[in-house]
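Same order as they appear, the protein sequences are chains S and F.
If you use the numbering used here, the first sequence corresponds to residues 1 to 111, in order.
If you use the numbering used here, the second sequence corresponds to residues 112 to 225, in order.
We put the CB at the ideal spot given by N, CA and C, even for glycine.
Remember, predicted model here, so these are calculated numbers, not experimental data.
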Amino acid sequence: KQEVTQIPAALSVPEGENLVLNCSFTDSAIYNLQWFRQDPGKGLTSLLLIQSSQREQTSGRLNASLDKSSGRSTLYIAASQPGDSATYLCAVVGGSYIPTFGRGTSLIVHP
Amino acid sequence: GAGVSQSPSNKVTEKGKDVELRCDPISGHTALYWYRQSLGQGLEFLIYFQGNSAPDKSGLPSDRFSAERTGGSVSTLTIQRTQQEDSAVYLCASNARDRVYEQYFGPGTRLTVT
Numbered sequence: 001k002q003e004v005t006q007i008p009a010a011l012s013v014p015e016g017e018n019l020v021l022n023c024s025f026t027d028s029a030i031y032n033l034q035w036f037r038q039d040p041g042k043g044l045t046s047l048l049l050i051q052s053s054q055r056e057q058t059s060g061r062l063n064a065s066l067d068k069s070s071g072r073s074t075l076y077i078a079a080s081q082p083g084d085s086a087t088y089l090c091a092v093v094g095g096s097y098i099p100t101f102g103r104g105t106s107l108i109v110h111p
Numbered sequence: 112g113a114g115v116s117q118s119p120s121n122k123v124t125e126k127g128k129d130v131e132l133r134c135d136p137i138s139g140h141t142a143l144y145w146y147r148q149s150l151g152q153g154l155e156f157l158i159y160f161q162g163n164s165a166p167d168k169s170g171l172p173s174d175r176f177s178a179e180r181t182g183g184s185v186s187t188l189t190i191q192r193t194q195q196e197d198s199a200v201y202l203c204a205s206n207a208r209d210r211v212y213e214q215y216f217g218p219g220t221r222l223t224v225t
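Written as structure tokens, this is what we have:
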């Protein structure tokens, strides 16, 4: 059974720092890995999706990498801003077509 | 529509009543998923539809929970005889079941059982 772990569970940083959020998964037979952002009381917003054949994806200040063989992904946030404060979740999709989610990293960026 | 929509956005009900939650997926998306997120908890998978059929109902927590999907589009999640532990945000997602399997989420329905 696929298990997804996100470290750290919570992070509080001053504005301007570069951040690395980690996601690990136990079964490397995946179709993709997707990073989401969730603001309090809201649904999930897709940030980046990395297909199994890809190594990384970039969008603005965000960069996500995937090392399928070691079961790891990192989300890099450059020059963090208070507006980046949210919970970040990763999810993997494998042969069951049902995404498995991590518990998320709660990020606070203070001015 | 442009995205996944859910209704109602908020629902307060008394213990023992039945509730229906609705999800409208992105047009053309054949796969639809229901999740539950309790306060401070992660996402709990409930059920998955491919077209109108549900290959995986393994996440439904009890026989009080049921879901259906008609016309390969709208889905309804029904909770009978609601209990206080059913209070949570219920999230719906869809994807095109192409090789990418990118998930698109709705805004959720916040259910409060008093």
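DSSP three-state assignment for residue i, whether helix, strand or coil
i, result
"G94(S)", "strand"
"D135(F)", "strand"
"D167(F)", "strand"
"Q195(F)", "helix"
"P82(S)", "helix"
"H140(F)", "coil"
Top-ranked residue by Cα proximity to residue i, from the options
i, options, result
"Y231(F)", "D174(F), Y146(F), I190(F)", "The question about residue 231(F) has no answer here: the residues shown for chain F are numbered 112 through 225."
"V200(F)", "T181(F), Q148(F), N206(F)", "Q148(F)"
"G153(F)", "T87(S), Y97(S), V109(S)", "T87(S)"
"K68(S)", "S59(S), V93(S), A79(S)", "V93(S)"
Boundaries of the beta strand (DSSP E) in which residue i is found, first to last residue
i, result
"R72(S)", "72-77"
"L49(S)", "44-51"
"S65(S)", "62-67"
"Q232(F)", "Shown here, chain F extends from 112 to 225; a query on residue 232(F) therefore has no answer."
"R37(S)", "30-38"
"V224(F)", "220-224"
"E213(F)", "No beta strand (DSSP E) holds E213(F); DSSP gives it neither H nor E."
Residue i burial status per 10 Å Cβ neighbour count (16 or more: buried)
i, result
"G127(F)", "exposed"
"I30(S)", "buried"
"G43(S)", "buried"
"N206(F)", "buried"
"T105(S)", "buried"
"D197(F)", "buried"
"N32(S)", "buried"
"L150(F)", "exposed"
Sequence-distant residues of its chain with Cβ nearer than 6 Å to residue i (five each side left out)
i, result
"D135(F)", "S116, V185"
"K188(F)", "For the record, residue 188(F) in the displayed sequence is Leu; it is not Lys. Excluding residues within five positions, the ones whose Cβ falls inside 6 Å are L132, W145, A178."
"Y212(F)", "N206"
Proximal residues to residue i (C-beta, below 7 Å), its chain only, five neighbours per side dropped
i, result
"R175(F)", "I190, Q191, R192"
"G95(S)", "A29"
"R180(F)", "L143, F160, N163, S186"
"T5(S)", "S24, G102"
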